Structures are given as C-alpha cells and as structure tokens.
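Chemist: Residues 1 to 571 in the numbering used here are what the sequence shown spells out, letter by letter. Don't be surprised by glycine CBs; every beta carbon is placed ideally from N, CA and C. Keep in mind the model is a prediction, meaning the values are calculated, not measured. Got a structure for you, written out below as structure tokens; questions coming shortly.
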Amino acid sequence: MSNYMKGIAASDGVAIAKAYLLVEPDLSFDKEQITDVESELEKFRNAIETTKVELTKIRNNAEQNLGADKAAIFDAHVLILDDPEIINPVEDKIKNDKVNAPTALTEVTDQFVSIFESMDNEYMKERAADIRDVSKRVLAHILGVELPNPSMIDESVVIIGNDLTPSDTAQLNKAYVQGFVTNIGGRTSHSAIMSRSMEIAAVVGTKTITEEVKQGDMIIVDGLTGEIIINPTDDEVIAYQNKRERFFEDKKELQKLREEDSVTADGTQVELAANIGTPDDLDGVIENGAEGIGLYRTEFLYMGRDELPSEEEQFEAYKKVLETMDGKRVVVRTLDIGGDKELPYMNLPKEMNPFLGYRAIRLCLDQPDIFRPQLRALLRASTYGKLNIMFPMVATIQEFRDAKALLEEEKANLEQEGVEVSDDIELGIMVEIPSTAALADVFAKEVDFFSIGTNDLIQYTMAADRMSERVSYLYQPYNPAILRLVKQVIEASHKEGKWTGMCGEMAGDEVAIPLLLGLGLDEFSMSATSILKARRQIANLSKNEMNELSNRAIDCATSDEVQTLVKQYAK
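Laid out in structure tokens, this is it:
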C-alpha cells in the first residue's frame, strides 16, 4: 500500500530510490548481571573486531573523497580499539563484576571521557570526543544495531533524516544520493540550500518522515511539488520516471539560454548571478550561464576543520574564484558565522537568541585578529578579477565605517609591503536588518552597492525564526511589508547612482521575480540551478507591466493578495 506525504519543495528534481535513514538509532540497554562470562567476553571482542573492519573502510573512503587529513581522524579511532588501557578494564569488569558487555564498556569509557573533558587541554578534549565516538560504534555492534554512515553509501538512495547538518551533506556522494527528505526546515535552511547546489531533489519540513519510512523502503521524492510516495505502485514508479525524463529534457532545453543576456520582453537588461559556498561550486556556475557571482559565502572555508584557515589558504580560494569568473563581477561576503552556523573551535558563547546575537560583522569587528587575515587575503586576490566585498549583518552606519577603516588599513599595509592591490574594489553591505533598510538613503551615500539578504530580512522583519516549524507561516517573502522595504532600498541606491542586488533565496523564486523586476532590482543572485529558468521567465515579462504590478502589490494587505495579483499579471 503506497503511503503519501507532503512537505516543502526545497530543490527541483524527481528522485526514485531506496530510503537510507540518517537517524541516530536507539542504543539504550539495561545493566544486567551475567553467568556466562566467556560468551559475554566473546560478544565484546567480536564487536571490537567488527568495528575495526568498519573504521578501516570508512577511513579509506574518507581518504578518497575528502583527503588524507580527514582520514587521519579514523586512524586515531582504530588506535583506541587496540589500547589495552581501555580494553583490559572492560574485560576485567565483565570477569570480576559479572556485568553485561554494554554496561562494562560504557562505565569504563564514560570514566575516560569525563577525565579527559575536565582537562584544560584542547588535545585531550578532542581525545574524549574520539573515545565517545568509538565506544558508540562498539556499543552499536554489541547491541546488533546499525549506525548510519553516509560516507559508506554505494548505491542509489534517498537520504531520510530529522535535518541534515553541513557536515552530513559534505559526506554525501553525489553519484549515489538522488535526493533527501527531512522532518524539519524550510526553503532557506542549510540542507535545502545545499541540495540545490548539489542539484538533487529535496523535500523538507515533512515533520514525521523518519517515523513513516523504514531502511530500504522504495521512495519517490518530487522536489517540484513537495510530494512524497513511500512504497509506490509500479504505475506510480512509471509515471514519475516519465516526469523525471521531462524534467531532464526541460533542463536540456534551458541549456540553449546559457550564452544569452538576461533581458525582458521590452528590452530592460538585468544581471543574473550565482550564490556559491566553495570554489567547487564553480562548475555549476559556468554550466548554468551565470553573469557573475552575487554571493560567495566564505564561512565554508572555516567549517568542518579544527582551526581557522590561514591567510594563504583563503587567498588561494578567492584567487581561484576570481580567475575562473574571468572578469565577471564576484561579490564576496566576509565571514558570517553565529546564528545557526557554529565553529566548535572558536568556543563562542552560548546565547538565548543566537540569531540576534554575537555573529557576522559584530564578531569580526570584535575580533580583528580573525577579520584582518580575511581582508588581506581578499585584497591580495583582488588583482585577479573584478572583486566586490560586502559586510554581512550591518545594523548601523558606524559598523560599516569601522569595517571599511580596517580594510583601508590593511590595504595601506599591503601597498607598503609592495603588494599590488586593485583600485577598483566596490564595497557594499548586506541589507538583512530592518534598521538598515529604513536608513537606506543614508547608507547609500557611503556604500557602493546593496545586496538584500531576504532569508534574514524576512525573519527579522516578521520576528519569526525561519528554522521554527510553528511560525513558518510567517516566513512570507511576498508580504507587502517586505516588498516596501525592498523598494525603499532599491530607490535609495538608484538616487545615489548605486546598484542593488538580492542574494536571498527570494531572488530565484518564480513568484517573486516579476515583483522584483517591477521594483527595479539590478542583480538577482540565486542557486546556480535556478538561473536558466529565471532567464526564460524574465524574457517573457514586460518591465513596464511589472512596474505597474509592483506598485499595486505594495498597496495590498496580505501576502495571499500579492500572490493572486502576480498570477493575474504573469499570465
């Protein structure tokens, strides 16, 4: 019997494959006294051997897909399994206290973990994490429970999880992962954004998918409509195979627009740019005919590692992006962490409201020793292409002035060292905070450009956390309040002869595009996979008509009224 579910369509495409559950299994057990010591010891020793084999496999996979430094982590894990200081006490506990293997293992490893964690030494704290990780694997094997391991997938699957962290997605092999489905999240959560850049079908926010699906169930994911079918009939599989074919044919059709300009039916030209996270995303940018990069999220350079990236490493990454884009504009956002993006090695304070807390430009201005190497790396790379720099989360004009002053200082330092720096770098800010949008006319006199970050602007304007399911109805890109702020920002920039782009997910949204065109947006920056679709849509719209549409939209009362209006016009 097929089972039907609906979620939020997060990434286009159709996936038909077996379900792979990326869910923490139940590892609970009871403490038991035993009589057969030998069989309990054997159970423990078998689990150790199985874990060794598994870790060696994971290690080799990690080396192939992620590089030797990531593989070294698993070498350390294998060493723990050979450590008599850990293994002997567990066996002694089984023999002398006559407790079952899970109890003996956890009591011994918990003791090591708490000793190491209490030491004031980063290295020992990391060892504690290693021991915890390894003992969890051994425990799973004693209990006969399978731990999920995304890096070991070797057949076509659809990943099912509560949510996917950036490190989960980093381990996924695009050759095998056809799509994914999560319980939580919205169109702008990390997992959704990553799925679009990986070009795989995704549906998020289903609330209960992890309870409805079993490992290995056949599943259909329709990333175009948000529909999911669990254990489909043969007819349903055939229907969706056809839909998938049509999706690929349409993609091929769109390829014809790769070299075209982005021009409306009545001759107005705009710029369609791509959002990227790492230089690896550049292939997709070129393939999808982007006219520039409207957002390079540099925090991915800082994630999934144990220490800050060096100036040299950053310089190489920025240089590669600028050279590949060959003179097209590249807008680089300086480090934006905090909120939902944590860096464990920075030991940032835990906050009640991290989205409203110590993040992005606030953190960088407070810790210039982190900020300066990034600014130097950007300035050094600036001669390899057309670089624009923008500061995230700017709330006051003083923050912009302070950031600009640091940049000027580093520029002077480099020039004194005889390093060449471009004289043509535009400096802008992300408009994500309502106070900045309200004061756009003042900012426009000092910045070279604005880029509107709608993902955050919407959550701050509506006072609704975009990660929270319960208030997700308030995530309203087409709310007239949002449209008015966007209009205010664009008009303020044009009055000063500056330009405005948008790099939030709204820029690639087919309902929003007609409105943004009418409001006079200059640059639309989106996931690379949305560009050709947007180009086709814009070619069929008249700028004058969209002007009229947006003027009517900002006088609407609700988001629904705006959507109805767009449907009438877009026909």
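Rounded to a whole number of angstroms, what is the C-alpha to C-alpha distance between R372 and L343?
Modeler: Going from the Cα of R372 to the Cα of L343 covers about 18 Å.
Chemist: Could you tell me if P477 is buried or exposed, where buried requires 16 or more neighbouring beta carbons within 10 angstroms of its beta carbon?
Modeler: So P477 ends up on the buried side.
Chemist: Give the secondary structure of D83 by DSSP, where H, G and I count as helix, E and B as strand, and everything else as coil.
Modeler: Correct three-state label for D83: coil.
Chemist: Are the beta-carbon atoms of L541 and A553 separated by less than 9 Å?
Modeler: No, the pair does not count as a contact, with Cβ atoms beyond the cut-off.
Chemist: Taking 8 Å as the threshold, find out whether the stretch 86 to 104 comes into contact with the stretch 20 to 34 through three or more Cβ pairs.
Modeler: Contact holds: three or more Cβ-Cβ distances are below 8 Å.
Chemist: Just to confirm before moving on: does the CB-CB distance between V331 and I293 stay below 9 Å?
Modeler: Yes, Cβ-Cβ distance for V331 and I293 is below 9 Å.
Chemist: Below 9 Å between beta carbons: does that hold for T233 and V204?
Modeler: Contact: no.
Chemist: Should E342 be listed as close to the ligand FMN, given that the test is whether its C-beta is under 8 Å from any heavy atom?
Modeler: Among the ligands in the structure shown, none appear at all, so the ligand FMN cannot be discussed.
Chemist: Measuring alpha carbon to alpha carbon, tell me which of A360, I538, D26, L407 ends up nearest G144.
Modeler: For G144, the nearest C-alpha among the options comes from D26.
Chemist: What does a CB cutoff of less than 7 Å around E260 pick up in its chain, not counting 5 residues either side in sequence?
Modeler: Closer than 7 Å at Cβ, skipping near neighbours: R535.
Chemist: Tell me which residues share the same chain as Q537 and place their Cβ nearer than 7 Å to its Cβ, disregarding the 5 neighbours each side in the sequence.
Modeler: Counting only Cβ-Cβ distances below 7 Å, and skipping sequence neighbours, we find E510, I513.
Chemist: Does the beta-carbon distance from P480 to D424 come in below 9 Å?
Modeler: No. Outside cutoff.
Chemist: Going by CA-CA distance only, name the one from M325, D92, S472 that's closest to I8.
Modeler: Nearest C-alpha to I8: S472.
Chemist: Throw me the rounded Cβ distance for the A507 and F524 pair, which I believe falls under 8 Å.
Modeler: Sure, about 4 Å apart at Cβ, within 8 Å.
Chemist: According to DSSP, is D222 part of a helix, a strand, or is it coil?
Modeler: Of the three classes helix, strand and coil, the one that applies to D222 here is strand, per DSSP.
Chemist: According to DSSP, is Q488 part of a helix, a strand, or is it coil?
Modeler: Helix.
Chemist: How about A192 and A17: are their beta carbons less than 9 Å apart?
Modeler: Their beta carbons are not under 9 Å apart, which means A192 does not touch A17 by this criterion.
Chemist: Give every residue of the same chain whose Cβ lies closer than 7 Å to the Cβ of N3, excluding the five residues on either side of it in the sequence, and list them in chain order.
Modeler: Counting only Cβ-Cβ distances below 7 Å, and skipping sequence neighbours, we find E212, I230, N231.
Chemist: Inspect the beta-carbon positions of R329 and N388 and report whether they are closer than 9 Å.
Modeler: In contact: R329 and N388 (Cβ atoms closer than 9 Å).
Chemist: What distance in whole Å lies between the Cβ atoms of K341 and V14, which are believed to be in contact at a cut-off of 8 Å?
Modeler: Their Cβ separation, rounded to whole angstroms, is 30 Å, which puts V14 and K341 out of contact at 8 Å.
Chemist: Using 8 Å for Cβ pairs, my map puts S550 next to G501. What's the rounded Cβ distance?
Modeler: No, S550 and G501 are not in contact; Cβ-Cβ is about 17 Å, not under 8 Å.
Chemist: Could you give the DSSP three-state label for A273: helix, strand or coil?
Modeler: Three-state DSSP puts A273 in a strand.
Chemist: If you drop the 5 nearest sequence neighbours on each side, which residues of the same chain put their C-beta closer than 6 Å to that of F391?
Modeler: For F391, where only same-chain residues beyond five positions count, the Cβ hits under 6 Å are T334, I361, A403, I429.
Chemist: From the DSSP output, in three-state form, read off Y358 for me.
Modeler: In this structure, Y358 counts as coil in the three-state DSSP scheme.
Chemist: Should F248 be labelled buried (16 or more other beta-carbon atoms within 10 Å of its own) or exposed?
Modeler: The residue in question, F248, is exposed, as its Cβ has fewer than 16 Cβ neighbours within 10 Å.
Chemist: Compare the Cα-Cα distances from K386 to each of G186, L172, K6, E291 and report the closest residue.
Modeler: Comparing Cα-Cα distances from K386 to each of G186, L172, K6, E291, the minimum goes to E291.
Chemist: From L301 to P148, what does the alpha carbon distance come to, in whole angstroms?
Modeler: Approximately 26 Å between the Cα atoms of the pair.
Chemist: So, Q178 versus S197, is the Cβ gap smaller than 9 Å?
Modeler: Against a cut-off of 9 Å, the Cβ pair of S197 and Q178 comes out as no contact.
Chemist: Can you find the residues in the same chain that come closer than 8 Å, C-beta to C-beta, to E307, ignoring five residues on each side of it along the sequence?
Modeler: Once the five neighbours on either side are set aside, the close Cβ partners of E307 are Y345.
Chemist: Less than 7 Å between C-beta atoms, sequence neighbours within five positions excluded: which residues of the same chain meet that for K52?
Modeler: Hits under 7 Å: V78, L81.
Chemist: Does the beta-carbon distance from T324 to Q314 come in below 9 Å?
Modeler: Result no, Cβ atoms of T324 and Q314 do not sit closer than 9 Å.
Chemist: Checking 9 Å against the spacing of the C-beta atoms, do E505 and R187 come in under that value?
Modeler: Yes, they are a contact pair.
Chemist: For V14, which beta-bridge partners are listed by DSSP?
Modeler: Looking at the DSSP assignment, V14 forms a beta bridge with D222.
Chemist: Tell me the residue span of the alpha helix (DSSP H) that contains Q537.
Modeler: 531 to 539 is the span of the alpha helix (DSSP H), which, as asked, contains Q537.
Chemist: Is V419 helix, strand or coil when you go by DSSP?
Modeler: Coil at V419, not helix or strand.
Chemist: Let me know the secondary structure DSSP gives I370 once reduced to three states.
Modeler: I370: helix per DSSP, three-state reduction.
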